[in-house]
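S.K.: In this note's numbering, the protein residues as written are 1 to 287.
Beta carbons: idealized from backbone N, C-alpha and C, even for Gly.
Structure in structure tokens, see below.
Dropping the structure here:
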């Protein structure tokens with residue numbers, strides 16, 4: 001029988017996403033009785049520094065307008081790290097981090113400082129990247145009492161220097177790219193479980209739900225990228241529609257760790273990551 005498996009990869013990028021989006025998502029997931037894998041940002045929310053992207057990249061401005069960024073992220077988020085101090089994200093809410101696990105979901109590592117990785121990683125060397133990981137992993141362990149099993153790169157962005165540093169850490173798998181199918185990331189020996197479906201921000205929000213569901217019609221194993229600020233906020237109803245549509249199509253929803261374990265039992269191709277500008281995105285990402 002044809003496999004129909006879906007995983008939900010939830011990225012938490014901002015303090016608003018952690019405080020408001022995560023509890024909302026937990027309630028939705030409870031209502032559908034399905035698990036998710038949450039990738040949390042633990043360090044400062046410097047979202048306000050995205051203003052520099054607005055000045056450098058016209059596509060970023062178009063994306064912000066198209067996706068209703070003020071509605072997604074809120075006014076205060078747009079000032080964090082510039083006119084307002086940058087609040088800590090997951091590390092400031094340890095009880096909520098533990099609640100995610102207690103309610104049957106997985107918590108993995110997404111970022112220390114999400115904004116600086118997204119904006120400056122190509123200009124950073126191995127020493128800076130190593131310190132970024134050490135601070136993030138240290139905060140994760142202090143908050144949850146155990147090590148993360150996986151890393152999901154902010155903005156699906158990798159560099160050769162980042163891959164070189166990643167091999168120094170005891171991870172079980174990665175979820176850092178937007179490739180079409182899992183592979184072993186060359187230089188790490190780790191299975192990469194990509195987000196192969198588009199996220200709502202890339203397909204027009206609520207109006208893009210049919211496009212996401214149509215990608216599920218053929219069956220297979222898929223990973224849907226969720227953002228706490230979006231599906232836990234103004235697009236909560238659209239997320240519920242996607243979950244209902246997946247159920248109607250006969251999909252079982254599994255955590256990412258189970259998909260990674262199944263992949264390790266088989267033979268996957270090994271290859272390096274590539275970089276591409278995908279439809280609906282403002283900057284290139286790893287594929």
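1. I believe residue 17 touches residue 227 by the beta-carbon criterion, under 8 Å. Please report the beta-carbon distance rounded to the nearest angstrom.
2. Take the Cβ of residue 267 as the centre, count every other Cβ of all protein chains shown within 10 Å, and call the residue buried at 16 or more, exposed below.
3. If you reduce the DSSP assignment to three classes, tell me which class residue 42 lands in.
4. Between the alpha carbons of residue 92 and residue 128, how many angstroms are there, rounded?
5. Closest to residue 123 by C-alpha separation, out of 89, 161 and 113, would be which residue?
6. Could you name the residues of the same chain whose beta carbon sits closer than 8 Å to that of residue 217, not counting the 5 residues immediately before and after it, in chain order?
7. Determine the DSSP secondary structure at residue 161, reduced to helix, strand or coil.
8. What would DSSP say about residue 65, mapped onto helix, strand or coil?
9. Keeping to the same chain, check which residues put their C-beta closer than 6 Å to that of residue 213; ignore five residues upstream and five downstream.
10. Would you kindly work out how many angstroms separate the C-alpha atoms of residue 211 and residue 270, rounded to a whole number?
11. Here's a check: name, in chain order, each residue in its chain whose Cβ is nearer than 8 Å to the Cβ of residue 126, leaving out the five neighbours to either side.
12. Residue 130 to residue 158, Cα distance in whole Å?
13. Going by C-alpha distance, which of 112, 26 and 3 is nearest residue 14?
14. Measuring only the C-alpha atoms, how far is residue 288 from residue 25?
15. In the DSSP assignment, find the beta strand (DSSP E) that holds residue 6 and state where it starts and stops.
16. Please identify the residue among 11, 100 and 43 whose C-alpha is closest to the C-alpha of residue 23.
17. Which residues share a DSSP beta bridge with residue 271?
18. Pop quiz: residue 255 and residue 106 are said to be a contact at Cβ under 8 Å. What is the actual Cβ separation, rounded to whole angstroms?
19. Once DSSP output is grouped into helix, strand and coil, what is the label at residue 242?
20. Where does residue 133 sit, in a helix, a strand or coil, going by DSSP?
21. Does DSSP classify residue 288 as helix, strand or coil?
22. Is the separation between the beta-carbon of residue 32 and that of residue 243 shorter than 8 Å?
23. Mind listing, in chain order, the continuous beta strand (DSSP E) runs of no fewer than 3 residues lying wholly within the segment 71–142?
24. Pick helix, strand or coil for residue 151, following the three-state DSSP scheme.
M.R.: This is what the structure gives:
1. Mapped onto the chain shown, residue 17 falls at position 17. Mapped onto the chain shown, residue 227 falls at position 227. Right, their Cβ atoms sit about 7 Å apart.
2. Start at 1 with the first residue of the chain shown, and residue 267 comes out as number 267. Flag for residue 267 reads exposed.
3. Here residue 42 is taken as the residue at index 42 of the chain shown, counted from 1. Here residue 42 sits in coil by DSSP.
4. Residue mapping note: residue 92 aligns to position 92 of the chain shown, counting from 1. Residue mapping note: residue 128 aligns to position 128 of the chain shown, counting from 1. Computed Cα separation, rounded: 23 Å.
5. In the chain shown, residue 123 corresponds to position 123, counting from 1. When each option's Cα is compared against that of residue 123, the closest is 161.
6. If you number the chain shown from 1, residue 217 lands on position 217. Within the same chain, residue 217 has close Cβ partners 249.
7. Locating residue 161 in the chain shown gives position 161, counting from the first residue. Here residue 161 sits in helix by DSSP.
8. Here residue 65 refers to the residue found at position 65 of the chain shown. Confidence in residue 65 is poor, its pLDDT being 48 and thus under 50, which makes the residue's placement too unreliable to answer from.
9. If you number the chain shown from 1, residue 213 lands on position 213. The residues are 245.
10. Taking the first residue of the chain shown as position 1, residue 211 is located at position 211. Taking the first residue of the chain shown as position 1, residue 270 is located at position 270. Taking the straight line from one Cα to the other gives about 30 Å.
11. In the chain shown, the residue the question calls residue 126 occupies position 126. Contacts found: 161, 164 and 165.
12. Within the chain shown, the letter at position 130 stands for residue 130. Within the chain shown, the letter at position 158 stands for residue 158. One C-alpha to the other measures close to 14 Å.
13. Here residue 14 refers to the residue found at position 14 when the chain shown is read from its first residue. It is 112.
14. There is simply no residue 288 to check, as the chain begins at 1 and stops at 287 in what is shown.
15. Position 6 of the chain shown, counting from 1, holds the residue named residue 6. Unbroken beta strand (DSSP E) run through residue 6: 4–12.
16. Reading the chain shown from its first residue, position 23 is the one you call residue 23. Here the closest residue by C-alpha is 100.
17. Here residue 271 corresponds to residue number 271 of the chain shown, with the count starting at 1. Looking at the DSSP assignment, residue 271 forms a beta bridge with 185.
18. Numbered from 1 along the chain shown, position 255 holds the residue referred to as residue 255. Numbered from 1 along the chain shown, position 106 holds the residue referred to as residue 106. About 5 Å separates the two Cβ atoms, so the contact holds.
19. Start at 1 with the first residue of the chain shown, and residue 242 comes out as number 242. Looking at residue 242 - three-state DSSP - the assignment turns out to be helix.
20. Walking along the chain shown from the start, residue 133 turns up at place 133. Of the three classes helix, strand and coil, the one that applies to residue 133 here is helix, per DSSP.
21. One cannot answer for residue 288 here, as it falls past the ends of the chain, which runs 1 to 287.
22. For this step, residue 32 is matched to residue 32 along the chain shown. For this step, residue 243 is matched to residue 243 along the chain shown. Cβ atoms of residue 32 and residue 243: closer than 8 Å.
23. 106–111
24. In the chain shown, residue 151 corresponds to position 151, counting from 1. Three-state result, residue 151: strand.
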